[in-house]
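So the protein sequences, as listed, match chains A and B. According to numbering that gives the first Met the number 0, the first sequence is numbered sequentially starting from 0. According to numbering that gives the first Met the number 0, the second sequence is numbered sequentially starting from 0. Written below as structure tokens is the structure these notes are about.
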Amino acid sequence: MIKYIGKRVLSAAGVLLVVSMLTFFVMQMTPGDTAYVMLTHTFFGTGDLITQEDLDIATEMYDLDRPLTVQYGEWMLGALKGDLGTSYIYKKPVMDLLKLKLPYTCILGFLAFFLGLLLAVPLGILTAVYRNRFLDQAIRIGSVLASSVPGFWLGLILIMFFSVKLKWLPVSGMNEGLKSIVLPCVTLMLGMMPVMIRVTRSSVLDVMGQDYMLFAKAKGQSLFQALLHHGVRNLLPPVITMASLQMGNILGGSVVIETVFMWPGIGNLLYNSIMAKDTNMLQGCVLTIALGYILSMICADILNAALNPKTYRGGGRMA
Amino acid sequence: MEEEQTRELWRIERLQVFFKTRGNDIMAVNEFSLSIYQGERLCLLGESGCGKSVFGMALLKLLPENAEVLGKAYYKGMETVGMSEKTFARLRGTEIAVIPQGAGSSLDPTMRCGKQVEECLRLHEKENSQVCRQKVLSLLKRLELPRLPGIARDYPFELSGGMKQRILVAAGIVCHPQFLLVDEPTKGLDWGCRDKVITLLKKLVEDEETSVLLITHDFNVAKSLADRVVVMYAGEIVEYGMREDVLERPVHPYSKGLLAALPQNGFQAIEGFSPPLDQIPKGCRFHPRCPHATGRCAQEHPNLTDLGEGREVRCFYAEG
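Printed below as a string of structure tokens:
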């Protein structure tokens, strides 16, 4: 088990390395001189007034004139020591900014993730048990609707309805405590729930068709008891795997949702850093999201391994 | 007559099973009437697809949703076909139990074997876990499972096919049911395991005086376990009677054919194949394959004829 986890951690490091290289070099390929974009973004609306001297200062300040490989190498060396460089636009260490903003993304993401699971898994079980009845059909139609509209649009519609028209909830930001988290959270949940409901439903249906469930019924158990005793452990693996992917999606999707709702998390940070060609900041954000993805997948693998007796009983043993 | 009534465990009257499909309804079991007596071991013999498992599952009310069961079945005088799921569930496990087919798939791969046997006890007899565990262990011992008590803590994938089958036997019988449905207990087992499972099963049901309905296509299993044998063909009973009568002196051409097809009797297979259940031939269902068929067989559907001594045959030309 420890060997297994060790392997996963090593491969995670490899993935992070590749992600950082891709982010760095792709960012350099985007149009626009880094110093120029940075300055116009920092001093908004001053595009015409920027002189060559300003550009030189900016280039000098962030070593932008050195070869890309050297720039990347230096960043990498720093990163290994826990220093992700300085943000061009915020003029602060990237690490500090992440530490400041990440909690907000985590609060929103975890809340949406766990509330979504708490709703989606029981609903998936219900739709499987009462398949092809009214509840199943209603949820199926609802799922198709919810998953076929883009998150940002859904967010805007929710704002229009609940904030502008009904005035129940704040439009954006997070100044009103719990009230302000409702809409972004609901938007993220609606994005992940349709997938989770469907995966749970098909997994439950699969398990319900198994012989051991019939045998459980023959022993005198009700469907509910049989699902509890024999169903859960067998139907969870696909649900867990899909949930881990959704966790990643929530982190990545937060860029859009946080921008729509002006939520002060790393999504917002990421959006601004792309607009300003703030390479260091961008690296920090992308790596954080990638790390979140990897961690959630490792968690899923470990959970699944723990659920399957074959992994810890070491293969088959014959008499 | 009065005594006859009390000894009767099941009385099944004209039981029919349909499967609703998109095209038309398929009749899997046709007008099945039979009594099963207390303490007897009845064997339902027939080839794959003749409806024998469907009949068994119909008795236990475990058929899928698209199945429709008509007719009556009385368990100790209680009608069960129309009985609610809730009421019937109380009989399952304690009174009426099953040893399902498919040792590999009928055990939950994520639960320890001992616990799967224990489950039934925990559900029906409100005893503490220590007592339950002891009962399970002694039962596993009677089934001659090796590595006790450690084997109770093993998962199904750690056991061999024969061992898994014995775990299933234990799980079926642990609550001392009155009636036990045993569905293909030797499916997928090699000869050695087969004999062992059957011998152990026989000893167990004799000790417990359990009534057994054994479903099999294996002549030897029927021979070693059954008191009475029912031969099924294409969804209906073609012959039944005492074991020696049916297995050694069969009357129906189909039973005769089955006997002749055994290796020790010369491997002479019956011509043709049994019909799919949606293409049942008119008249006698066996007539297209019957060597003695006449014009009457193709036109008229024969009823069961009583040959005396509890023996009935579905053939116009049967003589005891």
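A virtual CB, placed ideally from N, CA and C, is assigned to each residue, including glycine.
Nearest C-alpha to aspartate 53/A among Leu182/A, Leu117/A, Val120/A, Asp32/A: Asp32/A. Per the DSSP secondary-structure output, alanine 96/B pairs in a beta bridge with Leu179/B. Comparing alpha-carbon positions, the option among Glu39/B, Phe266/B, Glu235/B lying closest to leucine 224/B turns out to be Glu39/B. Proximity of chain B to leucine 213/A at the Cβ level (cut-off 8 Å) is accounted for by Leu61, Pro99, Ser105, in chain order. Rounded to whole angstroms, the separation of the alpha carbons of glycine 92/B and cysteine 131/B is 15 Å. Setting aside the 5 residues that flank it on each side, alanine 170/B is surrounded in the same chain by Gln115, Val116, Cys119, each with a C-beta closer than 7 Å to its C-beta; the list follows chain order.
Here valine 17/A is exposed, its C-beta having fewer than 16 other C-beta atoms within 10 Å. Here threonine 109/B is near arginine 232/A, since their CB atoms are less than 9 Å apart. Assignment of phenylalanine 272/B by DSSP, reduced to helix, strand and coil, places it in the coil class. Per the Cβ contact rule, the stretch 231 to 240 of chain B is in contact with the stretch 49 to 66 of chain B (3 or more Cβ pairs under 8 Å). A contact between stretches requires three or more CB pairs, one per stretch, nearer than 8 Å, and the stretch 62 to 76 of chain B fails this requirement with the stretch 169 to 189 of chain A.
Counting along the chain, the unbroken beta strand (DSSP E) around methionine 231/B starts and ends at 227 to 232. Burial is judged here by how many other beta carbons sit within 10 angstroms of a residue's own beta carbon; tryptophan 9/B has at least 16 and is buried.
Of all residues in the stretch 111 to 128 of chain B, the ones placed with a Cβ closer than 7 Å to any Cβ belonging to chain A are Glu118, Cys119, Leu122, His123, in chain order.
Rounded to whole angstroms, the gap between the alpha carbons of glutamine 100/B and lysine 140/B is 22 Å.
For tyrosine 253/B, no CB of chain A lies under 9 Å from its own CB, so it is not counted at the interface with that chain. Here the C-alpha atom of isoleucine 56/A lies approximately 35 Å from the C-alpha atom of glycine 172/A.
Neighbours of asparagine 233/A across chain B, judged by C-beta separation under 8 Å: Asp107, Pro108, Thr109. For alanine 27/B, the closest Cβ of chain A is not nearer than 9 Å. Excluding residues up to 5 positions away in sequence, Ile297, Asp300 lie with their Cβ nearer than 7 Å to the Cβ of arginine 7/A in the same chain.
In this chain, the alpha helix (DSSP H) harbouring asparagine 303/A covers 278 to 306.
Considering only beta carbons, the part of the stretch 79 to 93 of chain B lying closer than 9 Å to chain A consists of Glu84, Lys85, Ala88, Arg89, Leu90, Arg91, Gly92, Thr93, in chain order.
Rounded to whole angstroms, the separation of the alpha carbons of valine 181/A and methionine 246/A is 18 Å. At least one beta carbon of chain B lies nearer than 9 Å to the beta carbon of alanine 217/A. At least one CB of chain B lies nearer than 9 Å to the CB of aspartate 210/A. About 6 Å separates the beta carbon of threonine 22/A from that of leucine 281/A, a gap short enough to meet the 8 Å contact definition. Residue-level contact check: alanine 169/B does not touch chain A, since none of the beta carbons of chain A fall below 9 Å from its beta carbon. The beta carbons of glycine 150/A and glycine 264/A sit no closer together than 9 Å. Close to leucine 306/A, with beta-carbon spacing below 9 Å, are these residues of chain B in chain order: Thr109. In the three-state scheme derived from DSSP, where H, G and I count as helix and E and B as strand, proline 193/A is classed as helix.
Rounded to the nearest angstrom, the gap between the Cα atoms of phenylalanine 24/A and leucine 204/A is 46 Å. Proximity of alanine 151/B to chain A, defined by a Cβ-Cβ separation below 9 Å, is not satisfied. Against chain B, a Cβ distance below 7 Å from serine 201/A picks out nothing, because the smallest value is about 18 Å. The stretch 76 to 87 of chain A makes no contact with the stretch 138 to 158 of chain A: fewer than 3 CB pairs, one atom from each, lie closer than 8 Å. In this structure the stretch 277 to 295 of chain B lies against the stretch 235 to 255 of chain B, because at least three pairs of beta carbons, one per stretch, are closer than 8 Å. DSSP, read as helix, strand or coil, puts alanine 66/B in strand.
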